[in-house]
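Numbered according to this note's numbering, the sequence shown spans residues 1325 to 1679.
Where is the CB? At the ideal position from N, CA and C, for every residue including glycine.
Please read all numbers here as calculations on a predicted model, not as lab measurements.
Before any comments, here is the structure.
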Amino acid sequence: MSDIAATKDKYAAQIAGAEDLRVLDDIRVAALGKKGEVSKMMQGLGKMSIDEKKVMGPALNGLKNDIAALIEAKKTELEDAALDAALASETMDMTLPVGSPSGTLHPVQQVMEEMAVIFSDMGFSVAEGPDIEDDFHNFTALNFPPGHPARDMHDTFFMTSQEGEEPKVLRTHTSPVQIRTMINQKPPIRIIAPGRTYRCDSDQTHTPMFHQVEGLVIDKGIHMGHLKGVLMDFVSAFFETDVDVQFRPHHFPFTEPSAEMDVRYERDGAAIKIGQGESWMEILGCGMVHPNVLRACGLDPEEYQGFAFGMGVDRLAMLKYGMPDLRDMFAADTRWLAHYGFDPLLQANLASGLS
Ligand code: DAH
């Protein structure tokens, strides 16, 4: 028994004196490791009489637990101290002047700013909504009835819900911002909603997180001609050249009629030139806001009409600036950012050119 007390004291002293996590782990191995001192003492139990075992068994277990608890407590203490030291030494003075900045604006940020410039010139303002949405805003109010197959097409990330709470999703598109805006604002409404969106999908042209810009116009007497005019002006301004477009009928639950807009393009070697050419490429979805969506937001479809559109920002950035793989955009590779990034001090504007 005195052995046990002495062993405990020995390790307690060593643990108290351990100056870092590596030393502490060496002590743990020496005491409790497979070939450690305490483990060896426990192996000795096999040779003891039953009466001895009754006493020594619990005593050795107690020794093992005591040492393990001391190590655990010391570990927490050392980790806290390491964190405090890191927090104290790794400081950054945010008030220092930038000098010549070496960072660049990410192409997605650049393209979102270009879009905001173009649409604000047409009288749109920027609206935002949360990345974590509820089913009502992401689906139901957008005229996706419960159980509707279109919900599956979105490869939704569902979140585990708290007791008694409505299930939440990572928004699969920026369209829920339409709903929030119509519920909170009186028409006339003219907004774009840029932001992050999420779908469970990953390959050369899909990433689980991507970016969209949603557009919404609500007023009296709005028709398809307004939609076409706005979007045609937008693409020519965005690609900074005349762009020929076509509208193809399509289906979205939240618009009726719905369309996809294609732009003319041609291949020039590996590069894609948008504007003219023999081929068509789809770049956005759009349509007249469905009466059910207006009603879900408390608007009377007899009084108000509107149009909406939605497009993928990352893909437009790839097309405009010639980046081949979507996944590179989010790999945080500084060489890629230095090559494709934009000067943060040159803000996009219509007067001197967007980029
Ligand atoms: N929410 C659609 C999507 O993620 C994009 C879209 C299509 C938005 C048509 C619209 C629209 O507002 O009218 O695929």
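What first and last residue would you give for the beta strand (DSSP E) that runs through V1537? As a working mapping, residue 1537 is identified with position 213 in the sequence shown. Segment 1533–1543, the beta strand (DSSP E) holding V1537.
Just curious, the alpha helix (DSSP H) that I1374 is in, first and last residue? Position 50 of the sequence shown, counting from 1, holds the residue named residue 1374. For I1374, the enclosing alpha helix (DSSP H) has its first and last residue at 1374–1413.
Pairwise C-alpha distance: S1363 and A1354: In the sequence shown, the residue the question calls residue 1354 occupies position 30. In the sequence shown, the residue the question calls residue 1363 occupies position 39. So the alpha carbons of these two residues sit roughly 9 Å apart.
With a threshold of 16 other CB atoms inside 10 Å of the CB of N1467, please say whether the residue is buried or exposed. Here the question's residue 1467 lines up with position 143 in the sequence shown. Under this definition N1467 is a buried residue.
DSSP three-state assignment for H1461, whether helix, strand or coil: Residue numbering aside, residue 1461 sits at position 137 when the sequence shown is read from its first letter. DSSP places H1461 in helix when its eight states are reduced to three.
Determine the closest residue to A1517 out of H1530, R1495, D1527, T1531, with distance taken between C-alpha atoms. To locate residue 1517, count along the sequence shown from 1; it is residue 193. When each option's Cα is compared against that of A1517, the closest is R1495.
For W1604, list the residues DSSP reports as bridge partners. Counting from 1 along the sequence shown, the entry for residue 1604 is found at position 280. DSSP output for W1604 lists R1588 as bridge partner(s).
Nearest-angstrom Cα separation, counted from L1618 out to H1535: If you number the sequence shown from 1, residue 1535 lands on position 211. If you number the sequence shown from 1, residue 1618 lands on position 294. Whole-angstrom Cα-Cα distance: 25 Å.
From the DSSP output, which residues share a beta bridge with A1632? In the sequence shown, the residue the question calls residue 1632 occupies position 308. BP columns for A1632 point to L1540, G1611.
Just verifying my parser: in three-state terms, what is the DSSP assignment at E1627? Position 303 of the sequence shown holds residue 1627. Note: E1627 maps to coil in three-state DSSP.
Under 7 Å: does the beta carbon of A1465 sit that close to some heavy atom of ligand 1? By 1-based counting over the sequence shown, the position of residue 1465 is 141. No; taking the cut-off as 7 Å, the Cβ of A1465 has no heavy atom of ligand 1 nearer than that.
Are the CB atoms of L1650 and T1464 within a distance shorter than 8 Å? Taking the sequence shown and counting its residues from 1, one reaches residue 1464 at position 140. Taking the sequence shown and counting its residues from 1, one reaches residue 1650 at position 326. In this structure, L1650 does not lie closer than 8 Å to T1464 by Cβ.
Assuming A1337 and K1398 make a contact with CB atoms under 8 Å, what is their CB distance in whole Å? Stepping through the sequence shown from its first residue, residue 1337 is reached at position 13. Stepping through the sequence shown from its first residue, residue 1398 is reached at position 74. So it is not a contact: roughly 12 Å between Cβ atoms.
List, from N- to C-terminal side, the beta strand (DSSP E) runs of 3 residues or more that fit wholly inside the stretch 1488–1572. 1492–1494, 1513–1522, 1533–1543
Residues in the same chain with beta-carbon distance under 7 Å from L1546, minus the five sequence neighbours each way, listed in chain order, please. Taking the sequence shown and counting its residues from 1, one reaches residue 1546 at position 222. The identity of residue 1546 in the sequence shown is Ile, whereas the question assumes Leu. Around I1546: Q1629, G1630, F1631.
Quick one, which of G1609, R1591, E1538, A1595 has its alpha-carbon nearest R1572's? Your numbering for residue 1572 matches position 248 in the sequence shown. Cα-wise, what sits closest to R1572 is G1609.
Can you grab the Cα-Cα spacing for the pair E1590 / Q1600, in whole Å? Here residue 1590 is taken as the residue at index 266 of the sequence shown, counted from 1. Here residue 1600 is taken as the residue at index 276 of the sequence shown, counted from 1. When rounded, the distance between both Cα atoms is 7 Å.
Residue interval of the alpha helix (DSSP H) (run including A1662): Within the sequence shown, residue 1662 is the residue found at index 338, counting from 1. From DSSP, the alpha helix (DSSP H) with A1662 extends over 1658–1664.
Just mark G1488 as buried or exposed, buried being the case when its beta carbon has 16 or more other beta carbons within 10 Å. Here residue 1488 refers to the residue found at position 164 of the sequence shown. With fewer than 16 Cβ atoms within 10 Å of its Cβ, G1488 is classed as exposed.
When we look at the beta-carbon of D1638 and count the other beta-carbons within 10 Å, is it buried (16 or more) or exposed? Position 314 of the sequence shown holds residue 1638. By the neighbour-count rule (16 or more Cβ atoms within 10 Å), D1638 is buried.
Shortest alpha-carbon distance to Y1664 belongs to which of P1421, V1379, P1648, E1580? Along the sequence shown, one-based indexing puts residue 1664 at 340. Comparing Cα positions, the closest option is P1648.
Going by the CB atoms, is the gap between V1541 and R1520 shorter than 8 Å? Along the sequence shown, one-based indexing puts residue 1520 at 196. Along the sequence shown, one-based indexing puts residue 1541 at 217. Result no, Cβ atoms of R1520 and V1541 do not sit closer than 8 Å.
Span of the alpha helix (DSSP H) holding K1597? The sequence position of residue 1597 within the sequence shown is 273, counting from 1. Membership of K1597 in any alpha helix (DSSP H) is not indicated; the residue belongs instead to the beta strand (DSSP E) covering 1595–1598.
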